[in-house]
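Read through the structure below, which is laid out as structure tokens, and then see the notes.
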Amino acid sequence: MIGDLIAAAIGKHIDESDGEGGTLGAIVGVLTWKAAKTIIPAAVIVGTSYYVYNRLTGGRSVAPTA
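Sequential numbering from 1264 applies to the sequence shown in our numbering.
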């Protein structure tokens, strides 16, 4: 809830900097914040999984044959 308010205030401030109203900027700011809350954790999980996989396999793309 507080994140939504902060995002709206930032979006409104950015939109008002061009001399027009700030309502659209506030809406875009909140929508961007909501999308970021969903996308960023997924990106962290994918990135961590990739890092762990590379550490476990030693960076090889194909497992060695015996």
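Just so you know, even glycine gets a beta-carbon here, dropped at the ideal spot from N, CA and C.
* Buried or exposed: where does V1307 fall if 16 or more other Cβ atoms within 10 Å of its Cβ makes it buried? -> Looking up residue 1307 in the sequence shown gives position 44. Exposed is the call here.
* To do: May I have the straight-line CA-CA distance separating R1318 from I1303, to the nearest angstrom?
  => The residue you call residue 1318 lines up with position 55 of the sequence shown. The residue you call residue 1303 lines up with position 40 of the sequence shown. Each residue's alpha carbon lies about 22 Å from the other.
* Which whole-angstrom value describes the C-beta separation of A1351 and G1274, a residue pair presumed to lie in contact below a C-beta threshold of 8 Å? -> Nothing can be reported for residue 1351: it is not among the residues displayed for the chain, which extend from 1264 to 1329.
* Output the distance between the C-alpha atoms of A1270 and I1277, rounded to the nearest integer angstrom. => Taking the first residue of the sequence shown as position 1, residue 1270 is located at position 7. Taking the first residue of the sequence shown as position 1, residue 1277 is located at position 14. Looking at the two C-alpha atoms, the distance is approximately 11 Å.
* To do: Enumerate in chain order the residues of its own chain whose CB-to-CB distance from T1286 is below 8 Å, with the five nearest sequence positions on each side excluded.
  => Here residue 1286 refers to the residue found at position 23 when the sequence shown is read from its first residue. Cβ neighbours of T1286 beyond the five flanking positions: K1275, D1278.
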